[in-house]
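Chains as they are written, first to last, in the working numbering: chain A, 16 to 464; chain B, 16 to 464.
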């Protein structure tokens, strides 16, 4: 059997009842996280443009769009939800490869589940296995592929989307291999578009292409027999400097890449996350107000100064690349959501004054997820905090409670509180639900509750 | 200005009135050819699967599909028509790069023209300039890119589709650059899928992605500033072994790559085209019947035996890679359309008997488009023919009359004769038409005539 066929078979043949319980819980957590960040992203101008285009194209109203009253086709919904899930760079991260598995995979699985009336548990299993496939494709070409300039979320993501959709449609192994064999040739997305709307189109198209491929394969449409390992396939063409079949296939179902997937507590680059953890912990424990602060000093890993040393950010997006702003906003607001990176918050005089009091020195022995930080108060007292592993890293995952807090702070921006709470409860109960209908209905903007 | 911006500007700023008249005529010829091969392809089972999927997705009925009663969204129509245009490998070929420019570019331009009520001449100009952009992107990475395993029709095609659509929507230079900057990150399609339905999905997606990008850019959506030349852009990521900015931009509007684009008289690989030319010429001049033939002997370029030496093809598709079958079918039927490569024609006893009488020897001094061929008749008389440049090569383009014959033989399979003739006339008159409406209406299967 070819590499592609082996992977596709493993995804569609796994018994949902045999999956470790934690994988289904993790699938729920990624869904909560996706709904949170996608709801928040739905108010963005780029999202409105894409939704406006989709409304113009028109479609059979068969699938739901997060934070929108629009109902559209399954592939259309997969595209829109994939875009929303990634737009704010606030989705999950597979730490070894920087793949964001949820944005391409969940929207494809969810639209297919909605279309076919699949049970909640089957949808959770399809995501877990599809995400595993995406992460394994990413691992198989890491680090060569990303270093070439590929955005791995788009390129590896389409394999996971196709595999998850194939499973959700109930395809057999050969048909699933064809689904992946059709979708895999559309692996695309270059890092040159980072900083533009087109970046979030990578998982958007990956989700839609994966789902479309599964629908076509179900009807007998053909693709390559081994789109990953073939002579002119994914490995040779998109990762000519190296690949690993062992990383793709070894121990599937026993060793889980999904375990290395983390949820972000803050809507900015991960290297300043330990700083934000330390500031928020001290702020909350000692009820520190901005006017109490004389200085914030941190000892950090080298990457903080290399990537995020921007003492005077001018716009919201620049704030995401300023450790000074991340620290100051964390002290003032106690958070690091997208709201803390608006143009207004970056221009806020209280935050700006505090930013000027933030400094950092490099300690080469510190890892990226580690920090030693102290806050000097007026009068001279100093409070210190050591963070060994930042929240959201595989060694220190966000707790369910912290995830719920993130969800509420973002979902409440868009949905009525009662609906947001009902949606959250529906996700936590999804493994017992006869279908995904309730989640799909409640995630839409004007859904009846 | 970046390489991408320069190219996009050149496409949208050119004055249609300044284009050489032959470019608009060539645009009509490629449209006639596309309609012919797409109509023929519309009966294929792969086409029916894709159309069935599209019907299920649903869409606003705003654009026409070749050979189908379905009306769908502009991007949906671009995808379907792009698929139909390429499925039989019977579309046009840019000889220097083996890019097939029509399949990704015309469907995007046509759907945009239909949507916006553009004049026929503007649509022709948008195709000519978009095809030129696609050919130039292809030239800029030739031969490195194709040798890596990329299917250049998908990868370079999306740039032409976006540029043509941007022009058709009336975008300014900056917006057009964004359209290309959104579309270009979806450059994709690996050669591993050759021989499957997914191959024709490359221009299909290129057409749809290019058109969608133009619609999004028109509304303010952003992509990369220099998706072709940027540090993590098309050149560096998809052609790391080399590229040429001169080939992309030099002499735009003066030197035309469109001049190197040829139309195929036969639905099989080009290397046996001179054989078919010679056989058909002798057959017609001397009214040769199959039972008259003792032997067909050809002196050929080395590639004929390397690529097409298959004395006993078993299936229609194998017949396309058998010079013996090409020659035998040419003598029996006087043609080499898709109909000559059906499973039935390959199994036909008269053709099979004749195939056994076909032989070839290599002459290293002959080019690919050259042949010396003789037919020995029963009784011993021999008739010879030398073909210097096969029909369809840049040095010996198909005449308009030969193109019309190809069109009729394919279009009549699908459309009523009167409608097919009316459609042909509408294309020849397109430069004077106030819109593309007549062509769009007549190319559909159940259009009122």
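Cβ coordinates follow ideal geometry from the N, Cα and C atoms, glycine included.
These numbers come from a predicted model, not from an experiment.
Asked: Contact set for residue 448 of chain A: own chain, Cβ-Cβ below 6 Å, skip 5 residues either direction; Found: 135
Asked: Rounded straight-line distance, which links the Cα of residue 457 of chain B to that of residue 11 of chain B; Found: Only positions 16 to 464 of chain B appear in the structure, and residue 11 of chain B is not among them; the question remains open.
Asked: Other residues of its chain near residue 395 of chain B: CB distance less than 7 Å, five sequence neighbours each side excluded; Found: none
Asked: Chain-ordered chain B contacts of residue 20 of chain A [CB-CB under 8 Å]; Found: The contacting residues do not exist; residue 20 of chain A stays about 13 Å from chain B at best.
Asked: Buried versus exposed, by CB contacts within 10 Å (16 or more), residue 476 of chain B; Found: As shown, chain B starts at 16 and ends at 464. That puts residue 476 of chain B outside it, with no answer to give.
Asked: Residue 311 of chain A: first and last residue of the uninterrupted alpha helix (DSSP H) it sits in; Found: Element bounds for residue 311 of chain A: not the alpha helix (DSSP H) but the beta strand (DSSP E), 308-315.
Asked: Inter-residue CB distance, residue 293 of chain B and residue 372 of chain B (contact presumed, cutoff 8 Å); Found: At roughly 15 Å, the Cβ-Cβ gap does not stay under 8 Å, so residue 293 of chain B and residue 372 of chain B are not in contact.
Asked: Spatially closest choice to residue 426 of chain A from A:81, A:65 and A:37, by CA coordinates; Found: A:81
Asked: CB of residue 212 of chain B within 7 Å of CB of residue 61 of chain B, strictly; Found: yes
Asked: DSSP-derived helix/strand/coil call for residue 59 of chain A; Found: coil
Asked: The region 149-175 of chain A: positions lying closer than 7 Å to chain B by Cβ; Found: 163, 164 and 165
Asked: Three-state secondary structure assigned by DSSP to residue 34 of chain B; Found: coil
Asked: Residue 68 of chain B at chain A interface by Cβ criterion, 7 Å; Found: yes
Asked: Residue-chain proximity (residue 132 of chain B, chain A), Cβ-Cβ < 7 Å; Found: no
Asked: Chain E contacts made by the region 71-90 of chain A, where a contact means CB separation under 9 Å; Found: Absence of chain E from the displayed structure is noted, the protein chains being A and B.
Asked: C-alpha distance - residue 327 of chain B paired with residue 374 of chain B, whole-angstrom precision; Found: 12 Å
Asked: Residue 77 of chain A versus A:67, A:91 and A:66, residue with shortest Cα-Cα distance; Found: A:91
Asked: Cutoff 7 Å; reference residue 28 of chain A; Cβ partners in own chain excluding five residues on either side; Found: 188
Asked: Cutoff 8 Å; reference residue 271 of chain A; Cβ partners in own chain excluding five residues on either side; Found: 35, 38 and 147
Asked: Endpoints, alpha helix (DSSP H) assigned at residue 195 of chain B; Found: 188-198
Asked: Sub-7 Å separation of residue 222 of chain A and residue 89 of chain A beta-carbons; Found: no
Asked: Chain B contact residues for residue 62 of chain A, given Cβ-Cβ distances below 9 Å; Found: The contacting residues do not exist; residue 62 of chain A stays about 10 Å from chain B at best.
Asked: Pair within 7 Å by beta-carbon distance, residue 234 of chain A and residue 303 of chain B; Found: no
Asked: Limits of the unbroken alpha helix (DSSP H) element including residue 424 of chain B; Found: 415-426
Asked: Chain B contact for residue 115 of chain A (CB, 7 Å cutoff); Found: no
Asked: CA-to-CA distance, residue 68 of chain A to residue 13 of chain B, given in whole angstroms; Found: A query on residue 13 of chain B cannot be resolved here, the shown segment of chain B reaching from 16 to 464 and no further.
Asked: Opposing strand residues paired with residue 400 of chain B [DSSP bridges]; Found: B:388
Asked: Sequence-distant residues of its chain with Cβ nearer than 7 Å to residue 18 of chain A (five each side left out); Found: 241, 243, 244, 260, 263 and 264
Asked: Per-residue DSSP class, three states only, for residue 113 of chain B; Found: coil
Asked: Below-7 Å beta-carbon distance, residue 321 of chain B vs any chain A residue; Found: no
Asked: Under the three-state DSSP convention, the category residue 376 of chain B falls into; Found: strand
Asked: Cutoff 7 Å: residue 205 of chain A Cβ touching any chain B Cβ; Found: yes
Asked: Between the CA atoms of residue 296 of chain A and residue 411 of chain A - distance to the nearest angstrom; Found: 15 Å
Asked: Status (buried if at least 16 other CB within 10 Å, exposed otherwise) for residue 422 of chain B; Found: buried
Asked: Option in A:113, A:278 and A:97 with minimal Cα separation from residue 416 of chain A; Found: A:278
Asked: Neighbourhood of residue 355 of chain B by C-beta, 6 Å cutoff - its chain only, sequence neighbours within 5 removed; Found: 344 and 348
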